[in-house]
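Note that my numbering has the sequence shown beginning at 6, numbered continuously upward. Every residue gets a Cβ at the ideal spot worked out from N, C-alpha and C, and that includes glycine. Presented below is the structure to which this report refers.
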Amino acid sequence: MYAASREASSRSKEALRAALTGSNGVAATTGSELFAVVDVLDDQRPLRVALADVSVPGSARAELSERVFGSRVSAATQAVLTTAVAQDWSRPRDLVDTLVLLGQLAYLESASEQDRLTAVEDELFRFGRIIADNPALDQALADRATSATAKRELLDRLLSGKSETITQALAEQVVTRQRSGIGVAFDELSDLAAARRQQIVAHVRSAIALTDSQRERLAGALGRIYNKAVTVHVEVDPELLSGLVVRIGDDVIDGSAIGRLDRLRRSLT
6 MYAASREASS RSKEALRAAL TGSNGVAATT GSELFAVVDV LDDQRPLRVA LADVSVPGSA
66 RAELSERVFG SRVSAATQAV LTTAVAQDWS RPRDLVDTLV LLGQLAYLES ASEQDRLTAV
126 EDELFRFGRI IADNPALDQA LADRATSATA KRELLDRLLS GKSETITQAL AEQVVTRQRS
186 GIGVAFDELS DLAAARRQQI VAHVRSAIAL TDSQRERLAG ALGRIYNKAV TVHVEVDPEL
246 LSGLVVRIGD DVIDGSAIGR LDRLRRSLT
């Protein structure tokens with residue numbers, strides 16, 4: 006995003022926080038309604054452009070959003086939407102992307118209220134890994150020729166009764182909008198959930214599965230290095246031969262056997 010859209014996104018997040026503060030129980034509804042608004046804007050380009058048209062006063066755009074959505078959404082959702090469309094966006098797509106993010110944040114707030122945020126975070130990560138490891142599933146969920154209804158039905162077969170309701174809602178939004186990189190999108194959602202818990206995420210590839218005790222020790226060691234609480238997400242990768250590869254943001258710590266062999270090979274050439 007350009008600077009204007011970043012500022013607009015920041016103000017929209019503030020509006021979401023204000024709308025949800027002291028309003029226990031409305032977060033999931035707000036998330037659902039924001040996703041529904043996104044569906045409308047995805048389908049109706051003229052409306053999407055009109056709501057982000059900086060040549061029109063923000064107050065007029067807010068009035069337009071009230072006329073279109075006011076009877077369809079709750080007061081909390083409309084308050085967020087009014088603030089968002091009144092901002093100056095660099096591109097209409099930035100407005101839509103921010104509304105997606107706000108919907109995700111609202112759902113995660115609901116998970117936090119229900120003390121299910123850790124479970125949702127873990128499920129999002131695990132489902133992302135399942136997709137990343139299954140090219141046929143990734144293709145089926147990303148296929149433009151597959152209808153949103155068919156994708157929802159496939160997702161329901163995969164997740165129904167096996168995951169949190171909020172996980173399913175977030176997953177459905179991803180697969181019905183995302184056209185590629187679905188596994189990455191789930192990783193990003195999992196990271197967003199960790200950030201909501203004021204933690205950073207360590208993406209770990211290990212040659213073997215780690216025990217709970219090993220995960221805890223690793224999280225503690227990384228927490229001391231980064232001076233923050235760390236959530237550890239582990240993916241088993243036998244090709245590493247032994248050891249671990251840890252990624253936190255742009256930092257990569259390669260302690261795997263294959264990594265050591267690669268460094269040795271480079272030193273000899």
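Given a cut-off of 8 Å, decide if residue j and residue i are closer than it, judged by their beta-carbon atoms.
i	j	result
Leu110	Ala89	no
Ala91	Gly108	no
Leu146	Ile136	yes
Thr35	Ala67	no
Asp47	Val101	yes
Val73	Ala24	no
Phe40	Gln178	yes
Going by alpha carbons, who is nearest to residue i out of the options?
i	options	result
Asp192	Arg229, Leu163 and Glu240	Glu240
Asp99	Arg201, Arg53 and Ala224	Arg53
Gln203	Gly264, Arg265, Leu223 and Ser117	Ser117
Ile213	Lys233, Arg222 and Glu244	Glu244
Ile230	Val251, Thr216, Asp58 and His238	Val251
His238	Leu69, Val206 and Glu114	Val206
Ser60	Arg96, Ala84, Val73 and Asn139	Arg96
Gly27	Arg220, Gly228 and Glu114	Glu114
Val257	Leu246, Leu227 and Gln178	Leu227
Gly248	Ala124, Gly260, Gln219 and Glu12	Gly260
Mind checking which residues open and close the alpha helix (DSSP H) that includes residue i?
i	result
Asp44	Ala32 to Asp48
Ile253	Not the alpha helix (DSSP H): Ile253 falls in the beta strand (DSSP E), residues Leu249 to Ile253.
Glu118	Pro97 to Glu118
Tell me, to the nearest whole angstrom, how far the beta carbon of residue i is from that of residue j; I am working on the premise that it is less than 8 Å.
i	j	result
Ala176	Leu164	6 Å
Tyr112	Ala33	6 Å
Asp242	Arg210	4 Å
Tell me the residue span of the beta strand (DSSP E) that contains residue i.
i	result
Asp259	Asp256 to Asp259
Ser211	Ile205 to Ser211
Val59	Run containing Val59: none; DSSP gives neither H nor E here.
Check your understanding: Does the segment 164 to 177 touch the segment 80 to 95, meaning 3 or more C-beta pairs lie closer than 8 Å?
Key -> no
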